[in-house]
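Engineer: Please see the structure below; I have some questions.
Numbering (full-length UniProt numbering), first residue to last: 1 to 500.
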């Protein structure tokens, strides 16, 4: 795409995005990484009026993985970008969250979502396949930027700024955005050296099962028909299961103790199905005949061998070793021309399903802020504004995600019993409200984090664009005054960038 094409493509910006505001100085911005965060950043910064190049190491554009969630804080942005019809086509609108005992399928926690989420936050909560989500973002971003594959970044000079590719080509820019994920090259330049992750002690088997197979079994059919996200909690691990792709596939993620030696973070490492089944051999094997627990199972549509039946349907699995990193003190290189986004600066463990949400919120904030850009001297102040707006929220979400690991994985005993008591109380309160009665239970701090309305309001009620507008009203004039006016001179780009 040449410069004229880029300008034309950018003119298709929705009139309401950033209140119709576009940067008076278009910057040349290089985004490193073509994942969900990189595509969202490219789209938002292009809509803000800038010239965007994405550098992707892979030889072809695509994405892997399985289930992913688009909670209201994400859906409101995607729908604002005009992607509502695509979301509706590829997603399953989650109706409730169901938290279950590992041994007998008892539903100890239940939180209604569905239309209640729409009413409370104004936007839906979807379950998606990651590859479908990636395709939608790619199709949104591609007309507005230059996406280069086979462009693996091997070194970064944050001061120029520039990157060197494996081919030897040096690509210059006004600004670099590191959206290169958990194995980020750019992160090490911000940190100032090697930054190795630490093992969490967990790994996750991932699998997809054709939903038609569940529909053929009376015990498993409700897992498809109810459109709930199911979480089986057990000693040292948990299992998540829900439908995706218009209820055509059932997504399974099975957390378990990591027993790999010298393993690496990878979405594509093959797992052993027999070993997977052995890991969960004691799950859902307890039948409490005619007891209150069994009665409640039947009333909730449960079946005490659903986990075993699901595992028997898994044809193959991937085994993803989960690594963790502490929050960074800063996401911005000291020279003010390189910033990190998404998993490169705040990788999320998958216990809260907010990793992609945080990356997309980051992108929205960057785009909104840089729609104000009128001078290169404003780049660093705008980056620090981005960090100021995003840092606390992303860091708090990181910690909230980690908290669920300890909540879900408690061994049977007093702490697990107290957790279940809290969750049952929240479930009974939700059922009362569903019947039209008043809530009588304080949910703040509940072990079911989705039942805690204060936390849900913070997580799902967040509007990234609104946060920027509020921040700008207070700080915008002062920020722009910090960046003195200078003569605008075009920055020399590599031949590859000049041609697109």
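No residue lacks a Cβ here, since even glycine has one placed at the ideal position from N, Cα and C.
Source: prediction; values computed, not measured.
Across the region 374-382 and the region 394-402, are there enough close Cβ pairs to call them in contact, namely three or more that are closer than 8 Å?
Structural biologist: No, the region 374-382 is not in contact with the region 394-402.
Engineer: What are the start and end residues of the alpha helix (DSSP H) that includes residue 170?
Structural biologist: On the chain shown, position 170 is the one that residue 170 refers to. Looking at the DSSP string, residue 170 is not in any alpha helix (DSSP H); the run it does join, the beta strand (DSSP E), is 170-172.
Engineer: Does the region 148-162 come close enough to the region 97-108 to have 3 or more Cβ pairs within less than 8 Å?
Structural biologist: Touching, no.
Engineer: In the DSSP assignment, the alpha helix (DSSP H) including residue 512 goes from what residue to what residue?
Structural biologist: Since the first residue shown for the chain is 1 and the last is 500, residue 512 is missing from the structure and cannot be characterised.
Engineer: State yes or no: is the C-beta of residue 184 within less than 8 Å of the C-beta of residue 192?
Structural biologist: Here residue 184 is taken as the residue at index 184 of the chain shown, counted from 1. Here residue 192 is taken as the residue at index 192 of the chain shown, counted from 1. Against a cut-off of 8 Å, the Cβ pair of residue 192 and residue 184 comes out as no contact.
Engineer: If we count the other Cβ atoms within 10 Å of its Cβ and call it buried at 16 or more, is residue 481 buried or exposed?
Structural biologist: On the chain shown, position 481 is the one that residue 481 refers to. Per the 10 Å Cβ criterion, exposed.
Engineer: In this structure, how does DSSP classify residue 249 when only helix, strand and coil are distinguished?
Structural biologist: Translated into positions along the chain shown, residue 249 becomes position 249. Residue 249: strand per DSSP, three-state reduction.
Engineer: So, residue 215 versus residue 206, is the Cβ gap smaller than 8 Å?
Structural biologist: For the purposes of this step, residue 215 is identified with residue 215 of the chain shown, where counting begins at 1. For the purposes of this step, residue 206 is identified with residue 206 of the chain shown, where counting begins at 1. In this structure, residue 206 does not lie closer than 8 Å to residue 215 by Cβ.
Engineer: Taking the alpha carbon of residue 28 as the reference point, which residue from 375, 115, 435 and 196 has its own alpha carbon closest?
Structural biologist: Working through the chain shown from its first residue, we reach residue 28 at position 28. Nearest of 375, 115, 435 and 196 to residue 28, Cα basis: 375.
Engineer: Should the region 333-350 be called in touch with the region 432-448, which here means at least 3 C-beta pairs below 8 Å?
Structural biologist: Not touching, per the Cβ criterion.
Engineer: Considering just the uninterrupted stretch of the alpha helix (DSSP H) at residue 72, what are its terminal residues?
Structural biologist: As a first step, residue 72 is located in the chain shown; it is residue number 72 there, counting from the start. Where residue 72 is concerned, the enclosing alpha helix (DSSP H) stretches over 72-80.
Engineer: What are the boundary residues of the alpha helix (DSSP H) that includes residue 468?
Structural biologist: For this step, residue 468 is matched to residue 468 along the chain shown. Residues 464-482.
Engineer: Going straight from the alpha carbon of residue 173 to that of residue 50, what length do you get?
Structural biologist: Against the chain shown, residue 173 aligns to sequence position 173. Against the chain shown, residue 50 aligns to sequence position 50. Rounded to whole angstroms, residue 173 to residue 50 spans 12 Å at the Cα level.
Engineer: Residue 464 to residue 162, Cα distance in whole Å?
Structural biologist: For the purposes of this step, residue 464 is identified with residue 464 of the chain shown, where counting begins at 1. For the purposes of this step, residue 162 is identified with residue 162 of the chain shown, where counting begins at 1. Their backbone Cα atoms lie some 29 Å apart in a straight line.
Engineer: Just the C-alpha distance for residue 18 and residue 233, rounded to the nearest angstrom, thanks.
Structural biologist: Numbered from its first residue, the chain shown carries residue 18 at position 18. Numbered from its first residue, the chain shown carries residue 233 at position 233. Those two C-alpha atoms are separated by around 43 Å.
Engineer: Relative to the alpha-carbon of residue 175, which residue among 313, 366 and 318 has its alpha-carbon at the smallest distance?
Structural biologist: Here residue 175 is taken as the residue at index 175 of the chain shown, counted from 1. Of the candidates 313, 366 and 318, the one whose C-alpha sits nearest the C-alpha of residue 175 is 366.
Engineer: Measure the alpha-carbon distance for residue 8 versus residue 53 and round it to whole angstroms.
Structural biologist: Stepping through the chain shown from its first residue, residue 8 is reached at position 8. Stepping through the chain shown from its first residue, residue 53 is reached at position 53. Any reading at residue 8 must be qualified, since the residue scores a pLDDT of 34, below 50, and its modelled position is unreliable; no value is offered.
Engineer: Pick out the complete alpha helix (DSSP H) segments inside the region 293-375, 4 residues or longer, and give them in chain order.
Structural biologist: Listed in chain order, the complete alpha helix (DSSP H) runs (minimum 4 residues) inside the region 293-375 are 306-312 and 355-370.
Engineer: State the Cα-Cα distance for the pair residue 325 and residue 371, rounded to the nearest angstrom.
Structural biologist: The residue you call residue 325 lines up with position 325 of the chain shown. The residue you call residue 371 lines up with position 371 of the chain shown. If I take the Cα positions, the gap works out to 32 Å.
Engineer: For residue 416, I'd like the list of residues in its chain whose CB is within less than 7 Å of its CB, leaving aside the five on either flank, ordered along the chain.
Structural biologist: Locating residue 416 in the chain shown gives position 416, counting from the first residue. These residues qualify, in order along the chain: 410.
Engineer: Compare the C-alpha of residue 273 against each of 251, 314, 256 and 238 and name the closest.
Structural biologist: Sequence index remark: in the chain shown, residue 273 carries index 273 (1-based). Taking only the C-alpha atoms, the option nearest residue 273 is 314.
Engineer: Decide if residue 473 is buried, meaning its Cβ has at least 16 other Cβ atoms within 10 Å, or exposed.
Structural biologist: The count along the chain shown starts at 1 and reaches residue 473 at position 473. So residue 473 counts as exposed.
Engineer: Considering only their Cβ atoms, is the gap separating residue 238 from residue 231 smaller than 8 Å?
Structural biologist: Residue numbering aside, residue 231 sits at position 231 when the chain shown is read from its first letter. Residue numbering aside, residue 238 sits at position 238 when the chain shown is read from its first letter. A contact, by the Cβ cut-off of 8 Å.
Engineer: Between the alpha carbons of residue 405 and residue 446, how many angstroms are there, rounded?
Structural biologist: As a working mapping, residue 405 is identified with position 405 in the chain shown. As a working mapping, residue 446 is identified with position 446 in the chain shown. When rounded, the distance between both Cα atoms is 15 Å.
Engineer: Identify the continuous alpha helix (DSSP H) that holds residue 38 and give its terminal residues.
Structural biologist: Indexing the chain shown from 1 puts residue 38 at position 38. That run of the alpha helix (DSSP H) goes 36-47.
Engineer: Between residue 153 and residue 343, is the Cβ-Cβ spacing less than 8 Å?
Structural biologist: For the purposes of this step, residue 153 is taken as the residue at position 153 of the chain shown. For the purposes of this step, residue 343 is taken as the residue at position 343 of the chain shown. In this structure, residue 343 does not lie closer than 8 Å to residue 153 by Cβ.
Engineer: Is it buried or exposed, residue 346, if we count other Cβ atoms within 10 angstroms and call 16 or more buried?
Structural biologist: Counted from its first residue, the chain shown places residue 346 at position 346. Buried, since its Cβ has 16 or more Cβ neighbours within 10 Å.
Engineer: How long is the line joining the alpha carbons of residue 321 and residue 252, rounded to whole angstroms?
Structural biologist: Against the chain shown, residue 321 aligns to sequence position 321. Against the chain shown, residue 252 aligns to sequence position 252. Between residue 321 and residue 252, the C-alpha separation is close to 16 Å.
Engineer: Quick one: complete alpha helix (DSSP H) runs, 4+ long, within the region 186-218?
Structural biologist: You should have 186-191 and 211-215.
Engineer: Quick check: the region 304-313 against the region 185-204, are at least 3 beta-carbon pairs closer than 8 Å?
Structural biologist: Contact fails: fewer than three Cβ-Cβ distances are below 8 Å.
Engineer: Is it a yes or a no for the region 63-76 touching the region 114-133, going by three-plus beta-carbon pairs under 8 Å?
Structural biologist: Yes: at least three Cβ pairs fall under 8 Å.
Engineer: Can you tell me which of 143, 23 and 461 puts its alpha carbon nearest to the alpha carbon of residue 42?
Structural biologist: In the chain shown, the residue the question calls residue 42 occupies position 42. For residue 42, the nearest C-alpha among the options comes from 143.
Engineer: If I measure Cβ to Cβ from residue 498 and keep anything under 6 Å in the same chain, skipping five residues before and after, which residues do I get?
Structural biologist: Taking the first residue of the chain shown as position 1, residue 498 is located at position 498. With a pLDDT of only 32 at residue 498, under 50, the local geometry of the prediction cannot be trusted, and no value is derived from it.
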